[in-house]
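S.K.: Handing you a structure now.
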Amino acid sequence: QAKEQFFPLLSYRTGPYAPNGTPWANGKQDYLKMINARDGGINGVKITFEECETGYATDRGVECYERLKTRPGVTLFDPQATGITFALTEKAPVDKIPLMTLGYGLSVAADGMAFKWNFPYMGSYWTGADILIQHIGKNAGGLDKLKGKKIALVYHDSPFGKEPIPLLQERAKMHGFELQMLPVTAPGVEQKATWLQVRQSRPDYVMLWGWGVMNSTALKEAQATGFPRDKLYGVWWAGAEPDVRDVGEGAKGYQALALNGYGTQSKVIQDIMKHVHDKGQGTGAKDEVGSVLYTRGVIIQMLGVEAVRRAQERFGKGKVMTGEQVRWGMENLNLDQKKLDAMGFTGLMRPLSTSCADHMGSTWARVQTWDGKKWNITSDWYQSDEQILKPLIKAGSDKYLADKKLTRRDAADCQS
Amino acid sequence: MLYRENGQFKTSYRADQQIFPITQDRVGIALLLAFAFIAVPLLASNYFYTAVLIPLVIMSLAALGVNILVGYCGQISLGSGAFMAVGAYGAFNFFVRFPGLPLIPALILGGLCATFFGILFGLPSLRVKGLYLAVATLAAQFFSDWMFLRIKWFTNNSDSGSVSVNHLQVLGMPIESPMAKYLFCLFLLVVIALLAKNLVRGAIGREWMAIRDMDVAASVIGIRPMYAKLSAFAVSSFIIGMAGALWAFVHLGSWEPAAFSVDISFKLLFMVIIGGMGSIMGSFFGAAFIVLLPIVLNQFLPALLGLFGIEISTAGVSHAELMIFGGLIVWFLIVEPHGLAKLWSMGKQKMRLWPFPH
Amino acid sequence: MAFFLETLIGGLMAGMLYSLVALGFVLIYKASGVFNFAQGAMVLFAALAMARFAEWIPKWTGIDSMLLANLLAFVIAGIFMFAVAWVIERLVLRHLVNQEGATLLMATLGITYFLEGLGQTIFGSDIYKIDIGMPKDPIFMLDSVFPGGVLVNKEDVYAAAIAAALVVLLSVFFQKTTTGRALRAVADDHQAAQSIGIPLNRIWVIVWCVAGVVALVAGMIWGSKLGVQFSLTTVALRALPVVILGGLTSVPGAIIGGLIIGVGEKLSEVYLGPYVGGGIEIWFAYVLALTFLLFRPQGLFGEKIIDRV
Amino acid sequence: MSTKKIGDVILDVKNISLRFGGVKALTDISFNVKEHEIRSIIGPNGAGKSSMLNCINGVYTPSEGSITFRGQTFAHMNSRQVAEMGIGRTFQNLALFKGMSVIDNIMTGRNLKIRSNLFMQALRIGPAQREEEKHREFVEHIIDFLEIQAFRKTPVGQLPYGLQKRVDLGRALAMEPQVLLLDEPMAGMNVEEKQDMCRFILDVNDEFGTTIVLIEHDMGVVMDISDRVVVLDYGKKIGDGAPEEVRDNEDVIRAYLGTSH
Amino acid sequence: MEQQNIVLNVNGIEVIYNHVILVLKGVSLQVPEGGIVAILGGNGAGKTTTLRAISNLLAGERGAVTKGSIELRGERIENLSPADLVKRGVVQVMEGRHCFAHLTIEENLMTGSYTRTSKGEIAANLEKVYNYFPRLKTRRTSQAAYTSGGEQQMCAIGRAIMTNPSMVLLDEPSMGLAPQIVEEVFNIVKDLNTKEKVTFLLAEQNTNMALKYADYGYIMESGRVVMDGAASDLASNEDVKEFYLGVGGGERKSFKDVKSYKRRKRWLA
Ligand SMILES: Nc1ncnc2c1ncn2[C@@H]1O[C@H](COP(=O)(O)OP(=O)(O)OP(=O)(O)O)[C@@H](O)[C@H]1O
Ligand SMILES: Nc1ncnc2c1ncn2[C@@H]1O[C@H](COP(=O)(O)OP(=O)(O)OP(=O)(O)O)[C@@H](O)[C@H]1O
Ligand SMILES: [Mg+2]
Ligand SMILES: [Mg+2]
């Protein structure tokens, strides 16, 4: 048996979400290729991977999971879809394989004491929504200025789109703004009625919580109904190139959260260029390297690799880690700025450190603005408000545990 | 001449009315059941259970339900996904709201919810026919998609609309391991298939088929179109609802409304048509075709193309898979428009004549 | 009031766009008795071809007039659709003469998968842009009567005009020409049509070509609105209630049905939606169509469903 | 006419009119059928013969007039009620259930008599099973009677036309009707087959005492086997009486028989 | 049959439905130019199948000619499409009418002229059909599905005449027609035959009529030709008389007196 750490890659390159799924998947693959080419693997353990097409469909995702989870040296799963995450959340504890859901998935899973196997690294829908409100407040001249204002939420009518609602309601209560909810039926190609309603109720701000084609359609409809684009704010899943590219000038002024940095300057992207693309081994087109979702893919895979590295520190360098060991690594990750700089991730993300209780590790994001041709980071880092999130997460995870008749992990379990 | 009924004389109508009047068929089925219940558990891996067998068994059950409505009663429906969803969420609600309710009653209650929903959306069939009805049943589909997203009560007030169940057990035996899940589903499938077979070869089945083939003539010989159609909707949606509940409880464990999207409705219809309308056996063939083919293609296509020295990108595989899938559907239809079951029975007919060509 | 008008107009426009897709269904059904589920895939395929060629042609030939590039792209995409029609007849329809509706429907589903795969293989699966110079910004009318005016989307108006023109053309074609009559005969009975010398093969190629062109126009307009991407196929699901409401066999029905559905779903979403949490328009459209069917089982203008003993 | 005794009026059609838009399919038709008799309806194509049967059957609703069956008068009933009262029917354009086997087709004729409910049928427990066997036995008699044993399990769609007609008759017989309406049962048969069919009809009439209403274009058959004949033309009744009378009726000859008969 | 101009030569064809059901077991027949040839035989003998094989309409029934050859004026036609055959003047009137249900009677007739281009010719043909079948003229604007069985049969025949055929394959033209009309139809056949030199191949159950109007006849039994000869010879053959004309023993028996069902005598097993 060769020493190989296996990374299963669930992805979708067909169907309605392909334009967003593809760069994401490419980034994930390229990083692994780069690690193999540059470092010869993780402390000598070669990385293998296999991609499985889910088409964003839950049942196919489950099949992929079942197929790939039995591979020797399987590391962790990144389902790339909220629906699949829900299904796998039930299965992962049984199979003892961790799930990484960077910036998506179950918001309550940040509570590592309840969700031992889920890792919503770097932020969840709740942190995103929280930061978005902070930013809107800031633009309005202070959160207190939101009183009496109206904010509309145009969201993908699915668990993905509905997750942020509890948090937004919490914030609405706090600041006294009115929250108008406008669901859009998936995949979101027809939004005329939604935007007519926006035009009628004239909200001060609109939050866009879409994925895939829904985003560009929303921007086009905003343009068609004359809603000012600079009053339109998107989540980080509505802030990549495919979302705005074909709207072009029409989306100028649109702001969206930036979970991660991007661009081709950073060292890690340069390394990928050098070790992968220049050798003709790039997974996708060269010009998408360094784009928003591509870079997110790179970060996800870096975190996976680092988790393995961390696990090796405890369980034996140069060994293939099991899912359980990787889980420990994920839970005890500590990437400070120095490490990030060393790995070439400067400017792409904030330091991240996890613990048994905190599976998110970092709750920061910035805001970017589309200038008609490209995205530009236009704000400093925001951090979501612990005070609001904590109780919500606690309540949610308590309910989850009660429903499942499970108990919270104890300190002993945290050592394992 | 291994396969033929010659020489097997029936001395009573009862004997002739058996499900499998031909001895070879009986033996074959017995072997198949033995294989499914005994040999498979000895051989199958966990992957095979969870990714192949369990979905296959549950989808066979659903296809069987659809076949009763579409194949036997001739009412084309694209709302099957909705019936599955109603079954799943119905069973879920009984399951969580009545703590201690055993699994099987919950599933049956889920099925009954689907029955009710099915009858409701079957009412238009009394006036609307054919493709018009097919499209109209999509109303059920989209309505249920919306209902389970929007009405929080159905999802036990879950914020996201996603719900989950666990700790399944039957008569004290946990249904947790893949093998247990498989055997449980298989058992239900066999029982329901048997009941369904009894129905379709009995009086009610004849009514359904009569309505399908020529409804005016059927009413002249005393068949009430309303009763026949609504009973078909009821039975079919009960079975589909059960299948939906199994899909949610046993296969997915945790699900959201999108798990029962319009895609599933289409897939179920494919299964029935590809497998053979008006054939219980056909439902199984159809389910196998639609469930297995993508998995097989996905796994073997790259290797296969590799043999010919074609390097293909990951996206390419997905697209090629779509193309091959579509191509195969068309090809099978051309070979036998009446489905795989017909192909099977023609094969048997040839066997009967064997070794003579005609 | 102004808002009501806006919604109404928005609904009418959206309805026209649905009609454009519905038209493809009607054409093929009317002419061959096949319910063509591949219409959505054809729209996508045509739009992909158009978008990519409009992008490639300037690159390959150095033509920099956008109009010319678009025109060429349109023609090439049209040729692609002809080829598709021809291949479908050769490889599929020809072998399924005289089969039941369900079988043919299934075959078109097979074609759907195939086209989706093929389209994305040849043309890619990203979001592409069709820019035929449609104006994107809104205009406001009647601002003298209502404060703020009534918003009308110029792009929609153009699109609706194109759709209307196409429909008039096709109606004439069906009602007035021998081929039109032959098409209807084929839909009724393949075998009898063959027996009196109607060349099924040629007829089918013709109809699928026409449907291909309709798909191309629909794809172009929808693509210019939404961007060309896989989700275009789902507009077919939006067009289905239109088809059955208008009647599977009626060209004008597709238009009227489109208008009713468009207006119905927009009004329902805007005025009813907020009370029940929104997101109701798609099922509302289907329920609306279903309600009409209860009164006229063959749709508003469809041919009566005949069963006689 | 040997031993048969013709009874009282069993079916009485009074002043029936039927219109389809502009077309007057039937105008003011009255005639009656007596128990045990063979009553023929003849007339040129489009005269309204099939429409007449459809009215009796409840497929069409006459715009005027009434029908009395065994003392019960109705203007309109649904087909199910008519079937329950004991009127069976065959069809001109074969309305068999194409996808079903011969046995199943005939078994559908027994469905009115099925008592067990859906659950019993699903389980096939005792009574349901016994019932099924009982009806099967009855159907086998019909199959023997019609001499179609060899095709029992063939899907009817694959049978040649003439045999399909026989199955159609079998299905109607399975209802054990008191009155049997036959719409051109002998179309598309050669003489030999017609002879067989006549034999079946006569036997049914003799053995079960079933009253028969027959539409037929073969004058030989009509003249030979019927007791009384009604003649329709363009929706109007132009003749009614014993075969010989009708044959000599001037109107009938002009409108229908032509000169060669 | 002596070698006068043979238009159609069917040579030992075998037909199989659905790959398994062998229906025709080597059928050969010839049709001379300008003749009327009848195919007789009981139910399921294979008459319809023979006609379908000639007009190439088998494919839609999932049948295929597996052996033998069919020649039209010396040209092999097995691989032509039905439309090509209509262009060569061969048209079939299908058993069971098959009118286009949603089209009116007149539109039905007009579809028959699809292969014709001259407007004048079409108008003349239509006039001709209406002359032959005045009943159709009165029903010209009704949808075919709502006309009576007999009217539909007329419509189907009329539609075939609209193609201006040189050879017509008629499948059970008399089925469901009133005696008067049957007579008329056969007169029309004779008329077209003598005046316009149209060749006819007809499958019939009404042996009486068929032999009266045909020149030559073939008798089929379970997929084989068991007897053929000039129509007059057949009509006087004792077996034919008994089994197909119902005049066994010289006298026509009343249908009433035929005693119980009798075993048929078969020429061949
Ligand atoms: N589509 C089909 N599939 C299978 N078998 C068929 C099909 N069509 C006909 N047959 C079989 O072929 C045989 C000959 O049928 P055919 O219709 O040619 O007889 P026919 O002589 O025209 O009889 P009829 O006088 O009743 O019309 C019959 O036994 C019939 O069952
Ligand atoms: N549902 C209907 N709608 C319109 N017209 C109809 C309908 N049913 C029958 N007709 C018309 O009524 C007339 C009588 O038809 P019917 O079928 O009763 O004739 P028939 O006497 O049975 O003729 P045939 O001997 O040809 O079968 C015909 O002209 C027919 O077109
Ligand atoms: Mg009639
Ligand atoms: Mg025949």
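Chains as they are written, first to last, in the working numbering: chain G, 1 to 416; chain Z, 1001 to 1358; chain Y, 2001 to 2309; chain B, 3001 to 3261; chain L, 4001 to 4269. C-beta: ideal position from N, C-alpha, C; glycine also.
How about L:A4290 and L:L4202: do their beta carbons lie closer than 9 Å?
M.R.: Here chain L has residues from 4001 to 4269 only, and residue 4290 of chain L is not among them.
S.K.: Hey, quick one: how far does the beta strand (DSSP E) through G:H418 stretch, first residue to last?
M.R.: Within the shown structure, residues of chain G are numbered from 1 to 416, placing residue 418 of chain G beyond reach of any answer.
S.K.: Quick one: which chain G residues come within Cβ less than 7 Å of Z:P1124?
M.R.: Correct list: empty, because the minimum Cβ distance to chain G is about 23 Å.
S.K.: Would you say Z:K1342 touches ligand 1, meaning its beta carbon is less than 8 Å from a heavy atom?
M.R.: No, the Cβ of Z:K1342 stays beyond 8 Å of every heavy atom of ligand 1.
S.K.: What are the residues that DSSP puts in a beta bridge with B:C3198?
M.R.: Answer is none; B:C3198 lacks a bridge partner.
S.K.: Relative to ligand 1, what is the chain-ordered list of residues with a Cβ closer than 5 Å to any of its non-hydrogen atoms?
M.R.: Those residues, listed in chain order, are B:Q3158, B:P3160, B:Y3161, B:G3162, L:Y4017, L:I4021, L:V4023, L:N4043, L:G4044, L:A4045, L:G4046, L:K4047, L:T4048, L:T4049 and L:E4061.
S.K.: When the distance is taken between beta carbons, is Z:V1220 closer than 9 Å to B:A3025?
M.R.: No, these two residues do not count as a Cβ contact at 9 Å.
S.K.: Ligand 2 heavy atoms versus the CB of Z:F1187: any closer than 8 Å?
M.R.: Incorrect: Z:F1187 has no Cβ contact closer than 8 Å to ligand 2.
S.K.: Would a check of beta-carbon distances place Z:N1198 closer than 9 Å to chain B?
M.R.: Yes - at least one Cβ of chain B is within 9 Å of the one on Z:N1198.
S.K.: Taking the beta carbon of L:L4270 as the centre, do at least 16 other beta carbons fall within 10 Å, making it buried, or is it exposed?
M.R.: Not covered by the structure: residue 4270 of chain L. The range shown for chain L is 4001 to 4269.
S.K.: Check each candidate in L:L4085, L:V4065 and L:K4128 and name the one with the smallest Cα separation from L:D4191.
M.R.: Closest by alpha carbon: L:K4128.
S.K.: Of the choices Z:V1190, Z:H1319 and Z:I1329, whose alpha-carbon is the least far from that of Z:I1290?
M.R.: Selected option, being the one with the closest Cα: Z:I1329.
S.K.: Within the continuous alpha helix (DSSP H) that includes G:C356, where are the two ends?
M.R.: Here G:C356 belongs to no alpha helix (DSSP H), and DSSP marks it neither H nor E.
S.K.: Is the CB of Y:W2222 under 9 Å away from at least one CB in chain Z?
M.R.: For Y:W2222, the answer is no, since every Cβ of chain Z falls outside 9 Å of its Cβ.
S.K.: Could you check which residue in L:V4031, L:P4032 and L:I4016 has the C-alpha nearest to that of L:K4025?
M.R.: The residue with the shortest Cα to Cα distance from L:K4025 is L:I4016.
S.K.: Can you tell me which of the three DSSP states L:V4198 falls into?
M.R.: Residue state, collapsed to three classes: coil.
S.K.: Could you give the distance in angstroms between the alpha-carbon of B:K3113 and the alpha-carbon of Z:L1194?
M.R.: Their backbone Cα atoms lie some 24 Å apart in a straight line.
S.K.: Where are the alpha helix (DSSP H) runs, 4 residues long or more, that stay fully inside the segment 3191-3238 of chain B, in chain order?
M.R.: The segment 3191-3238 of chain B contains these whole alpha helix (DSSP H) runs: 3191-3203 and 3219-3225.
S.K.: Quick one, which of L:F4243, L:A4230, L:S4222 and L:M4167 has its alpha-carbon nearest L:V4189's?
M.R.: Ranking L:F4243, L:A4230, L:S4222 and L:M4167 by Cα distance to L:V4189 puts L:M4167 first.
S.K.: May I ask you to report which of helix, strand or coil DSSP gives G:I377?
M.R.: Residue state, collapsed to three classes: strand.
S.K.: Beta-carbon separation of G:G318 and G:N43 under 9 Å?
M.R.: Against a cut-off of 9 Å, the Cβ pair of G:N43 and G:G318 comes out as a contact.
S.K.: Can we count B:E3184 as close to ligand 4, meaning its CB is less than 8 Å from some heavy atom?
M.R.: No, Cβ of B:E3184 sits at least 8 Å from all heavy atoms of ligand 4.
S.K.: Is B:S3226 a contact residue of ligand 3, with contact defined as CB to any heavy atom under 8 Å?
M.R.: It does not: the Cβ of B:S3226 is nowhere closer than 8 Å to a heavy atom of ligand 3.
S.K.: Compute every distance between the C-beta of L:T4147 and the non-hydrogen atoms of ligand 2, then say whether any falls below 8 Å.
M.R.: L:T4147: yes, Cβ under 8 Å from ligand 2.
S.K.: Is Z:L1131 near Z:I1068, with beta carbons less than 9 Å apart?
M.R.: Not in contact: Z:L1131 and Z:I1068 (Cβ atoms no closer than 9 Å).
S.K.: Output needed for Z:S1231: all residues of its chain with C-beta closer than 7 Å, excluding positions within five of it in sequence on either side, in chain order.
M.R.: I1204, listed in sequence order.
S.K.: At 7 Å on the CB atoms, spell out the chain Z contacts of Y:W2283, in chain order.
M.R.: Those within 7 Å of Y:W2283 in chain Z are A1139, F1142, F1143 and W1146.
S.K.: Strictly below 8 Å CB to CB, what residues from chain Z border B:T3070?
M.R.: Per the sequence shown, the amino acid found at residue 3070 of chain B is Arg instead of Thr. Chain Z residues near B:R3070: none, gap ~17 Å exceeds 8 Å.
S.K.: Within 8 Å: the Cβ of B:N3054 and any heavy atom of ligand 2?
M.R.: Yes, since a heavy atom of ligand 2 falls inside the 8 Å radius drawn around the Cβ of B:N3054.
S.K.: Among B:V3222, B:D3196 and B:L3018, whose alpha-carbon lies nearest the alpha-carbon of B:E3037?
M.R.: Cα-wise, what sits closest to B:E3037 is B:V3222.
S.K.: Between Z:F1117 and Z:S1080, is the Cβ-Cβ spacing less than 9 Å?
M.R.: Cβ distance not < 9 Å, so Z:F1117 and Z:S1080 don't count as in contact.
S.K.: Three or more C-beta pairs closer than 8 Å, one from the segment 2267-2282 of chain Y and one from the segment 2211-2227 of chain Y: is that the case here?
M.R.: These segments do not touch.
S.K.: On the DSSP letters alone, give me the boundaries of the alpha helix (DSSP H) that G:D204 sits inside.
M.R.: No alpha helix (DSSP H) contains G:D204, which DSSP labels as neither H nor E.
S.K.: Run through chain L and tell me which residues come within less than 8 Å of Y:I2306, C-beta to C-beta.
M.R.: Those are A4101, H4102, Q4143, A4145 and Y4146, listed as they occur along chain L.
S.K.: May I ask whether a heavy atom of ligand 3 can be found less than 8 Å away from the beta carbon of Y:G2033?
M.R.: No, the Cβ of Y:G2033 stays beyond 8 Å of every heavy atom of ligand 3.
S.K.: I need the straight-line Cα distance from L:E4238 to B:Q3092, nearest angstrom please.
M.R.: Distance between the alpha carbons of L:E4238 and B:Q3092 is about 33 Å.
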